[in-house]
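**Q** These protein sequence lines are chains A and B, in that order. For the first sequence, position 150 (counting from the first letter as 1) is numbered 150 according to this note's numbering, and the numbering increases by one without interruption. For the second sequence, position 141 (counting from the first letter as 1) is numbered 141 according to this note's numbering, and the numbering increases by one without interruption. Where is the CB? At the ideal position from N, CA and C, for every residue including glycine.
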Amino acid sequence: MGTFFSDWYYLSIRNTKQIWRPLLALIPSMFIPIFFFFVNSVSLSAFAKVPGFPNVSYKDFIAPVALFTAIFFSAGNAGIELVQDIANGYFKKLIILPISKITILLSKLTEVAVQAVLQGAIVLVLLLADGVHFNTGVLGILAIFGLMVIFAMAWSCVGIIAALRTKNARLVQSMFVIVFPFLYLTTSQAPKQLLPPTFATIATYNPVTYIIEGVRALVLYDWSSPAIWQGFLMASCLFVVMVSLALKSFQKAIS
Amino acid sequence: MTTGNTIIEVKDLVKTYPGDVRAVQGVTFNVKEAEFFGFLGPNGAGKTTTMNMLVNLVKKTSGSIHIDGIDLDKNPQEIYKRIGFAMQEVGLDETASAREMLQLHGRLYHLPKQRIDEQIAKLLKLVELEKVADRYTATYSGGMRRRFDLALSLIHEPRILFLDEPTQGLDPHARQLIWGHLKELNQAGMTIFLTTHFMEEAETLCDRLAIMDRGKIVTEGTVQELLAKHEAKTLEEVFLKTTGSNLGDEEVNLNAADPYARRN
């Protein structure tokens with residue numbers, strides 16, 4: 001058991017170093033959420049005056065989306081890095097090491113969690129500097145990070161599964177496009193009651209809606225909001241399902 | 001050089017890929033401890049598939065493999081501790097330096113820190129990469145990558161070293177350098193299993209050879225034995241007589257060479 005944890009640790013350190021190598025690779029996944037947050041919070045601020053909109057500023061309303069966009073894009077990197085290891089042959093070297101093979105996958109998820117915290121922290125600092133108020137305080141911010149980490153690991157499995165099943169770098173790299181329907185066919189830009197009926201229905205069935213609403217409740221309201229536990233429940237369910245599927249793909253790839 | 005003890009024992013090894021592509025068709029051979037054993041054959045003959053089965057990167061269809069007396073099916077983890085493998089495709093972490101990769105692999109082989117440090121110093125000197133040890137491997141030339149890959153496969157001082165076309169694409173200087181390192185390792189008692197299609201490489205390095213064609217071993221022995229057996233003057237002549245190298249078959253088998261291209 002001792003070597004299991006040490007293998008996991010050393011592989012996680014190796015993977016985590018890839019986050020900032022090269023440092024410039026971090027810019028796109030940071031730029032997109034920050035850019036959209038500042039543009040939308042200014043250009044759509046009047047939306048907060050529409051009847052039916054909650055009694056909060058539009059900036060506070062879309063703050064969770066900025067955090068989420070950073071997580072969405074960064075979590076996709078895990079699949080890209082894995083497919084690069086597979087394509088250049090390094091993955092084969094890893095699977096003939098005398099280690100528990102599952103640590104290869106666990107270390108990828110650990111990297112995703114670390115990156116979610118790092119990138120989330122940078123976005124958080126910018127949001128705080130811009131005057132976004134977090135109603136549930138420091139504990140609420142910790143809960144937001146917990147929710148984001150669980151979701152980031154679940155979402156990263158989409159890229160990991162694609163990498164393991166297709167071994168095709170171009171396909172895995174192009175998978176970032178699926179972020180957009182999952183992120184925008186939700187209540188990310190407006191509350192459900194203001195969405196057109198078709199969009200509202202899609203948002204109801206989009207699991208990301210519940211996670212965004214969970215984060216939003218932690219930003220705007222208090223701990224009594226049911227959206228918080230619903231967000232955690234949905235993120236946990238997604239985590240279990242996606243990690244199980246990733247494990248299955250991983251076992252198939254190494255067997 | 002050899003001790004006479006069998007260290008690699010392969011019996012009736014078969015690999016059939018989907019679509020009834022028979023990459024390896026009932027191969028049987030033994031390698032002695034501290035022997036330098038060469039596996040020759042035209043491209044697509046099944047050499048790489050055989051080697052990948054020996055290191056458990058490709059699952060065999062049937063047959064048995066014992067490495068250092070251990071059944072590969074029963075205890076692959078023990079076998080991983082005893083073998084080193086430098087692949088045809090030099091797979092490196094391009095976001096890491098050579099020193100970082102050696103440290104990581106030393107830790108994953110669960111070596112004590114002091115031994116890892118000693119091994120890193122020794123191996124970087126052996127492959128003459130001391131001055132670039134802290135540079136990212138992405139900046140290395142083809143020859144440097146091959147030499148580093150060899151060093152990486154030796155971090156845990158394996159008893160058996162598997163090398164798949166280790167000098168492919170190298171210039172004569174780099175090739176000589178690698179041959180020199182391999183001879184030293186073999187003289188120090190390491191068993192080396194090499195696949196190649198360079199006759200000169202096989203003649204220079206190997207104690208014993210097997211020539212493979214269309215998934216089968218067509219002849220086996222020392223260079224002298226092969227020359228006598230096939231009434232040939234050169235190893236190349238033996239190779240041509242026994243394989244009759246056929247490009248059509250090569251294309252069929254090339255598809256089978258990469259396990260990750262065919263699994264799913």
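Could you pull out every residue in the same chain whose Cβ sits closer than 6 Å to the Cβ of Arg263(B), ignoring the five residues on either side in sequence?
**A** The residue you call residue 263(B) lines up with position 263 of the second sequence. Low per-residue confidence applies at Arg263(B): pLDDT is 41, beneath 50, and the placement is therefore not dependable enough to give any value.
**Q** Would Pro207(A) and Leu245(A) qualify as a contact pair, given that the criterion is a beta-carbon distance under 7 Å?
**A** Your numbering for residue 207(A) matches position 207 in the first sequence. Your numbering for residue 245(A) matches position 245 in the first sequence. Going by C-beta atoms, Pro207(A) is not nearer than 7 Å to Leu245(A).
**Q** Does Val31(B) come out as helix, strand or coil in the three-state DSSP assignment?
**A** In the second sequence, the residue the question calls residue 31(B) occupies position 31. Correct three-state label for Val31(B): strand.
**Q** Within 7 Å of any Cβ in chain B, is that where the Cβ of Ile99(A) sits?
**A** Indexing the first sequence from 1 puts residue 99(A) at position 99. Closer than 7 Å: yes.
**Q** What separation, rounded to the nearest whole angstrom, lies between the Cα atoms of Val172(A) and Leu240(B)?
**A** Counting from one through the first sequence, the residue named residue 172(A) turns up at place 172. Counting from one through the second sequence, the residue named residue 240(B) turns up at place 240. Inter-residue distance for Val172(A) and Leu240(B) is about 44 Å (C-alpha atoms, whole angstroms).
**Q** Beta-carbon of Tyr90(A) versus every beta-carbon of chain B: anything under 7 Å?
**A** The sequence position of residue 90(A) within the first sequence is 90, counting from 1. Yes - at least one Cβ of chain B is within 7 Å of the one on Tyr90(A).
**Q** Do you know offhand how far Leu194(A)'s Cα is from Leu26(A)'s?
**A** Residue mapping note: residue 194(A) aligns to position 194 of the first sequence, counting from 1. Residue mapping note: residue 26(A) aligns to position 26 of the first sequence, counting from 1. Between the alpha carbons of Leu194(A) and Leu26(A) lies a gap of roughly 35 Å.
**Q** Beta-carbon within less than 6 Å of Glu9(B)'s beta-carbon, same chain only, minus the 5 sequence neighbours each way: which residues are those?
**A** For the purposes of this step, residue 9(B) is taken as the residue at position 9 of the second sequence. Excluding residues within five positions, the ones whose Cβ falls inside 6 Å are Asn30 and His66.
**Q** Taking Cβ positions only, does Gln18(A) come closer than 7 Å to chain B?
**A** In the first sequence, the residue the question calls residue 18(A) occupies position 18. Yes - at least one Cβ of chain B is within 7 Å of the one on Gln18(A).
**Q** Consult DSSP for Lys167(A) and reduce its assignment to one of helix, strand or coil.
**A** By 1-based counting over the first sequence, the position of residue 167(A) is 167. Coil.
**Q** Please specify which runs of the alpha helix (DSSP H), each continuous and at least 4 residues long, are wholly inside the segment 12 to 79 of chain B, giving them in chain order.
**A** Runs of the alpha helix (DSSP H) inside the segment 12 to 79 of chain B: 47 to 54.
**Q** Apart from the five residues on each side of it in sequence, which residues of its chain come closer than 6 Å, Cβ to Cβ, to Thr110(A)?
**A** Working through the first sequence from its first residue, we reach residue 110(A) at position 110. For Thr110(A), where only same-chain residues beyond five positions count, the Cβ hits under 6 Å are Ser12.
**Q** Take the Cβ of Trp8(A) as the centre, count every other Cβ of all protein chains shown within 10 Å, and call the residue buried at 16 or more, exposed below.
**A** Walking along the first sequence from the start, residue 8(A) turns up at place 8. Label assigned to Trp8(A): buried.
**Q** Helix, strand or coil: which one does DSSP assign to Lys216(B)?
**A** Along the second sequence, one-based indexing puts residue 216(B) at 216. Three-state result, Lys216(B): strand.
**Q** Contact criterion: CB-CB distance below 7 Å. Does Arg14(A) meet it with respect to chain B?
**A** The count along the first sequence starts at 1 and reaches residue 14(A) at position 14. It does; some Cβ of chain B falls within 7 Å.
**Q** Need the endpoints of the beta strand (DSSP E) that Thr196(B) sits in, please.
**A** Locating residue 196(B) in the second sequence gives position 196, counting from the first residue. Thr191 to Thr196 is the extent of the beta strand (DSSP E) around Thr196(B).
**Q** Would you mind working out which of Val179(A), Ala200(A) and Phe47(A) sits nearest Thr187(A), comparing C-alpha positions?
**A** In the first sequence, residue 187(A) corresponds to position 187, counting from 1. When each option's Cα is compared against that of Thr187(A), the closest is Ala200(A).
**Q** If you check the beta carbons only, do Val83(A) and Ala163(A) fall under 7 Å apart?
**A** For this step, residue 83(A) is matched to residue 83 along the first sequence. For this step, residue 163(A) is matched to residue 163 along the first sequence. Going by C-beta atoms, Val83(A) is nearer than 7 Å to Ala163(A).
**Q** Provide the residue span of the beta strand (DSSP E) that contains Phe162(B), from first to last.
**A** For the purposes of this step, residue 162(B) is taken as the residue at position 162 of the second sequence. Where Phe162(B) is concerned, the enclosing beta strand (DSSP E) stretches over Ile160 to Asp164.
**Q** So that I know if they touch, is there some Cβ in chain B lying closer than 7 Å to that of Arg216(A)?
**A** Position 216 of the first sequence holds residue 216(A). Chain B, which has no Cβ nearer than 7 Å to the Cβ of Arg216(A), makes this no.
**Q** When the cut-off is 7 Å and only beta carbons count, does Arg170(A) lie next to chain B?
**A** Here the question's residue 170(A) lines up with position 170 in the first sequence. It does not: the Cβ of Arg170(A) has no partner Cβ on chain B nearer than 7 Å.
**Q** Quick check on this structure: which residue in Leu108(B), Asn186(B) and Ala121(B) has the alpha carbon closest to the alpha carbon of Phe256(A)?
**A** In the structure as shown, chain A begins at 1 and stops at 255. Residue 256(A) is therefore absent and cannot be evaluated.
**Q** Under three-state DSSP, which class holds Ala86(B)?
**A** Within the second sequence, numbered from 1, the residue matching residue 86(B) stands at position 86. Correct three-state label for Ala86(B): strand.
**Q** DSSP on Tyr9(A), reduced to helix/strand/coil?
**A** Taking the first residue of the first sequence as 1, we reach residue 9(A) at position 9. Of the three classes helix, strand and coil, the one that applies to Tyr9(A) here is helix, per DSSP.
**Q** If you compare alpha carbons, which of Ala46(A), Ser255(A), Leu220(A) and Lys192(A) is closest to Val56(A)?
**A** One-based indexing of the first sequence puts residue 56(A) at position 56. Considering only alpha carbons, the answer is Leu220(A).
**Q** Given a cut-off of 7 Å, decide if Ile155(B) and Leu209(B) are closer than it, judged by their beta-carbon atoms.
**A** By 1-based counting over the second sequence, the position of residue 209(B) is 209. By 1-based counting over the second sequence, the position of residue 155(B) is 155. Not in contact: Leu209(B) and Ile155(B) (Cβ atoms no closer than 7 Å).
**Q** Please list, in chain order, all residues of the same chain as Gly38(B) whose beta carbon is under 6 Å from its beta carbon, the five residues on each side excluded.
**A** In the second sequence, residue 38(B) corresponds to position 38, counting from 1. Leu194, Ala202, Cys206 and Leu209, listed in sequence order.
**Q** Going by Cα to Cα distance, which pick from Ile160(B), Gly215(B), Gln168(B) and Thr167(B) is closest to Thr6(B)?
**A** The residue labelled residue 6(B) in the question sits at position 6 within the second sequence. Nearest option by C-alpha distance: Ile160(B).
**Q** The alpha helix (DSSP H) spanning Asp171(B) covers which residue range?
**A** The residue labelled residue 171(B) in the question sits at position 171 within the second sequence. Note, Asp171(B): premise wrong, no alpha helix (DSSP H); not H, not E.
**Q** Any idea what DSSP makes of Thr136(A), helix, strand or coil?
**A** Position 136 of the first sequence, counted from the start, is the residue given in the question as residue 136(A). Residue state, collapsed to three classes: coil.
**Q** Thinking C-alpha only, which one of Pro22(A), Phe61(A), Glu81(A) and Lys49(A) is nearest Phe37(A)?
**A** The count along the first sequence starts at 1 and reaches residue 37(A) at position 37. The shortest Cα separation from Phe37(A) among Pro22(A), Phe61(A), Glu81(A) and Lys49(A) belongs to Phe61(A).
**Q** Who does Glu9(B) pair with in a DSSP beta bridge?
**A** Counting from 1 along the second sequence, the entry for residue 9(B) is found at position 9. Bridge partners of Glu9(B): Asn30(B) and His66(B).
**Q** Near Asp85(A), which residues of its chain fall below 6 Å by C-beta distance, leaving aside the five closest residues on each side in sequence?
**A** Translated into positions along the first sequence, residue 85(A) becomes position 85. Cβ contact annotation for Asp85(A) (same chain, cutoff 6 Å, sequence separation greater than five): Phe91, in chain order.
**Q** Using a Cβ-Cβ distance cut-off of 7 Å, determine whether Lys248(A) contacts chain B.
**A** Translated into positions along the first sequence, residue 248(A) becomes position 248. Judged by the 7 Å Cβ criterion, Lys248(A) is not in contact with chain B.
**Q** Within 10 angstroms of the Cβ of Lys252(A), are there 16 or more other Cβ atoms? Answer buried if so, exposed if not.
**A** Indexing the first sequence from 1 puts residue 252(A) at position 252. Burial call: exposed.
**Q** Using a Cβ cut-off of 7 Å (strictly closer), state whether Thr110(A) contacts chain B.
**A** By one-based count along the first sequence, residue 110(A) stands at place 110. Not closer than 7 Å to any Cβ of chain B, the Cβ of Thr110(A) fails to qualify, so no.
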